[in-house]
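> Submitted below is the structure of interest, expressed as structure tokens.
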Amino acid sequence: MSPHSAPEPSIQDQYSDEKTYKYGSSAYYAYLFLAQDTQKDIKLLHAFFHEISNVLYISTESSVARLKLSWWKNEIEQLFHGKPEHPISQALVATIKKYDLKKQYFDYIVESVEMDLSHNRYLDWTSLKNFCTMQSGAFACLITQVLAPTNEQNIRFAQKLGVAIHFTHLLRGLGQDATQGRIYIPMDFLREHQIKAADILNAKYSDEFRVFMQAQGNYARQLFKEALPYLAPESRQALRPCLIKANLCLKLLKALEKDQWRVLDKGISLSPVSKLLTASKVWLSQGRYFGM
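Below, the structure is given as structure tokens:
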């Protein structure tokens, strides 16, 4: 190797690069303007998150998935005692120390997947909100700890924003989840609009379904509005990546509306150009742009 060539990436770096967010994804554009060192730390957190959340999808047997999650619970204990075994955990040691990341948020993410193994339906918003808070809310708290000072207001903002983002993604992924027998929209929301679970599982469209989905889209927007008051003015600039994610979700909701909520048999995504323009607007406005 020449003295000016880049060092070979470690096994841990290679593993995390495979597992983290991909080029062109919403996450990619959310963190695009950050310093390289900060991006690397966030990529590690995404790699951990994907490693845990994917247990639900790559393990066909519930018992196998539970064994994997049990192993990860122990691995998190080992990680915070400085004795991790997994490549991602080993890479996270320095990041956890640098930002004083809290163990409880790693635990919550594992527990949320355990919860998902026990439910393919959520009876009401309270139970679904609890799941979203433990998974995406906890993950958003970890990201926020990297980007901004850890205080109660920033954590509350992260939790609420994580729920809003997660619910938006659940709306977009309704059809894909249904192919696995899962419906994440609360059952009482369905009953309120006289929508049958079988209609979603069988990808059956109707005028009633579109009215129902529009109501869910409006509710998602309300969740974003509820998060914003917790964003402290002094943290707005530091938390621009979180605001980029929020703006991309709001833009996605508009795209879903325009497509008449055809989420049961097709996937809707924003174009890379659209993502880049939105991310640039948020970044250059110092986080003041919010496309409600």
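Each residue of the sequence shown is one higher than the one before, starting from 0 at the first, in numbering that gives the first Met the number 0. Every residue gets a Cβ at the ideal spot worked out from N, C-alpha and C, and that includes glycine.
1. Cα-Cα, which of ARG120, GLY161, ASN217 is closest to ALA196?
2. To the nearest angstrom, report how far apart LEU44 and ALA163 are at their CA atoms.
3. If you compare alpha carbons, which of LYS101, PRO240, TYR204, MET114 is closest to SER284?
4. According to DSSP, is ARG209 part of a helix, a strand, or is it coil?
5. With 16 as the cutoff for other CB atoms within 10 Å, does TYR107 come out buried or exposed?
6. Residues in the same chain with beta-carbon distance under 8 Å from THR143, minus the five sequence neighbours each way, listed in chain order, please.
7. Near GLN215, what residues of its chain come up, given a Cβ to Cβ distance below 6 Å and the 5 sequence neighbours on each side ignored?
8. In the structure shown, what three-state DSSP assignment does MET0 receive?
9. Is it the case that the Cβ atoms of ASP258 and ALA202 are separated by a distance below 8 Å?
10. Contact between the segment 267-276 and the segment 221-240: three or more CB pairs below 8 Å?
11. Measuring alpha carbon to alpha carbon, tell me which residue in ASP16, SER205, ALA226 is nearest LYS42.
12. Between PRO271 and TYR22, what straight-line distance do the alpha-carbon atoms span, to the nearest angstrom?
13. Using DSSP with H/G/I as helix, E/B as strand and the rest coil, what is ARG190?
14. State the Cα-Cα distance for the pair ALA147 and PHE105, rounded to the nearest angstrom.
15. If you run the structure through DSSP and keep just helix, strand and coil, what is ILE164?
16. In the DSSP assignment, the alpha helix (DSSP H) including VAL92 goes from what residue to what residue?
17. In the DSSP assignment, find the alpha helix (DSSP H) that holds ILE75 and state where it starts and stops.
18. Per DSSP, which one or two residues make a beta bridge with ILE182?
19. Thinking C-alpha only, which one of LEU68, ALA93, HIS165, LEU33 is nearest GLU50?
20. Which residue wins for smallest C-alpha separation from GLN13, given the options LYS39, LEU222, ALA29?
21. Quick one: what does DSSP say VAL262 is sitting in, helix, strand or coil?
22. Measure the alpha-carbon distance for ASP123 versus ALA90 and round it to whole angstroms.
23. Mind checking SER61: buried by the 16 CB within 10 Å criterion, or exposed?
24. Could you give the DSSP three-state label for ALA174: helix, strand or coil?
25. Quick check: GLY161 and PHE138, are their CB atoms within less than 8 Å of each other?
26. With C-beta atoms as the reference, is ILE194 less than 8 Å away from PHE211?
27. Please name the residue in CYS140, VAL262, HIS118, ILE243 whose C-alpha comes closest to that of MET186.
28. Locate the alpha helix (DSSP H) running through ALA147, then write down its first and last residues.
29. Find the nearest neighbour of ASP115 within the set PHE79, ILE182, GLU74, judged by alpha-carbon distance.
30. Just checking: is the beta-carbon of GLN77 within a distance shorter than 8 Å of some beta-carbon in chain B?
So, from the data block:
1. Residue mapping note: residue 196 aligns to position 197 of the sequence shown, counting from 1. Per the Cα distances, ARG120.
2. By 1-based counting over the sequence shown, the position of residue 44 is 45. By 1-based counting over the sequence shown, the position of residue 163 is 164. So the two alpha carbons sit approximately 20 Å from each other.
3. Residue numbering aside, residue 284 sits at position 285 when the sequence shown is read from its first letter. Relative to SER284, the option among LYS101, PRO240, TYR204, MET114 whose CA is nearest is PRO240.
4. Translated into the one-based positions of the sequence shown, residue 209 becomes position 210. ARG209: helix per DSSP, three-state reduction.
5. Counting from one through the sequence shown, the residue named residue 107 turns up at place 108. It counts as buried.
6. Locating residue 143 in the sequence shown gives position 144, where the first residue counts as 1. Within the same chain, THR143 has close Cβ partners THR149, ASN153, ILE154, PHE156, ALA157, LEU238, CYS241.
7. Counting from one through the sequence shown, the residue named residue 215 turns up at place 216. Annotation for GLN215: LEU170 place their beta carbon closer than 6 Å to its own, counting only its chain and skipping 5 residues before and after.
8. In the sequence shown, the residue the question calls residue 0 occupies position 1. Note on MET0: pLDDT 47, under 50, position unreliable in the model; the coordinate value appears next. Three-state result, MET0: coil.
9. Within the sequence shown, residue 258 is the residue found at index 259, counting from 1. Within the sequence shown, residue 202 is the residue found at index 203, counting from 1. Contact flag unset, no.
10. Touching, no.
11. Within the sequence shown, residue 42 is the residue found at index 43, counting from 1. The alpha carbon of LYS42 has as its nearest neighbour, out of ASP16, SER205, ALA226, the alpha carbon of ASP16.
12. On the sequence shown, residue 271 is found 272 positions in, with the first residue counted as 1. On the sequence shown, residue 22 is found 23 positions in, with the first residue counted as 1. Rounded to whole angstroms, PRO271 to TYR22 spans 10 Å at the Cα level.
13. Counting from one through the sequence shown, the residue named residue 190 turns up at place 191. Correct three-state label for ARG190: helix.
14. Reading the sequence shown from its first residue, position 148 is the one you call residue 147. Reading the sequence shown from its first residue, position 106 is the one you call residue 105. The straight-line gap from Cα to Cα measures roughly 18 Å.
15. Indexing the sequence shown from 1 puts residue 164 at position 165. The DSSP-derived three-state label of ILE164 is helix.
16. The sequence position of residue 92 within the sequence shown is 93, counting from 1. For VAL92, the enclosing alpha helix (DSSP H) begins and ends at 86-98.
17. Position 76 of the sequence shown, counted from the start, is the residue given in the question as residue 75. Where ILE75 is concerned, the enclosing alpha helix (DSSP H) stretches over 61-79.
18. Residue numbering aside, residue 182 sits at position 183 when the sequence shown is read from its first letter. For ILE182, the pairing in a beta bridge is given by DSSP as ARG120.
19. Counting from 1 along the sequence shown, the entry for residue 50 is found at position 51. Nearest C-alpha to GLU50: LEU68.
20. Stepping through the sequence shown from its first residue, residue 13 is reached at position 14. Selected option, being the one with the closest Cα: LYS39.
21. As a first step, residue 262 is located in the sequence shown; it is residue number 263 there, counting from the start. Coil at VAL262, not helix or strand.
22. On the sequence shown, residue 123 is found 124 positions in, with the first residue counted as 1. On the sequence shown, residue 90 is found 91 positions in, with the first residue counted as 1. A straight-line Cα-Cα distance of about 38 Å links ASP123 and ALA90.
23. Counted from its first residue, the sequence shown places residue 61 at position 62. By the neighbour-count rule (16 or more Cβ atoms within 10 Å), SER61 is not buried but exposed.
24. As a working note, residue 174 is residue 175 in the sequence shown. Here residue 174 is Gly; the residue named in the question, Ala, does not match the sequence. DSSP places GLY174 in helix when its eight states are reduced to three.
25. As a position in the sequence shown, residue 161 is number 162, starting the count at 1. As a position in the sequence shown, residue 138 is number 139, starting the count at 1. Yes, the Cβ-Cβ distance between GLY161 and PHE138 is below 8 Å.
26. To locate residue 194, count along the sequence shown from 1; it is residue 195. To locate residue 211, count along the sequence shown from 1; it is residue 212. Less than 8 Å divides the Cβ of ILE194 from the Cβ of PHE211.
27. Taking the first residue of the sequence shown as 1, we reach residue 186 at position 187. Selected option, being the one with the closest Cα: HIS118.
28. Your numbering for residue 147 matches position 148 in the sequence shown. Looking at the DSSP string, ALA147 is not in any alpha helix (DSSP H), and its letter there is neither H nor E.
29. The residue given as residue 115 occupies position 116 in the sequence shown. When only C-alpha atoms are compared, the closest one is ILE182.
30. Absent from the structure is chain B; it holds one protein chain and no more.
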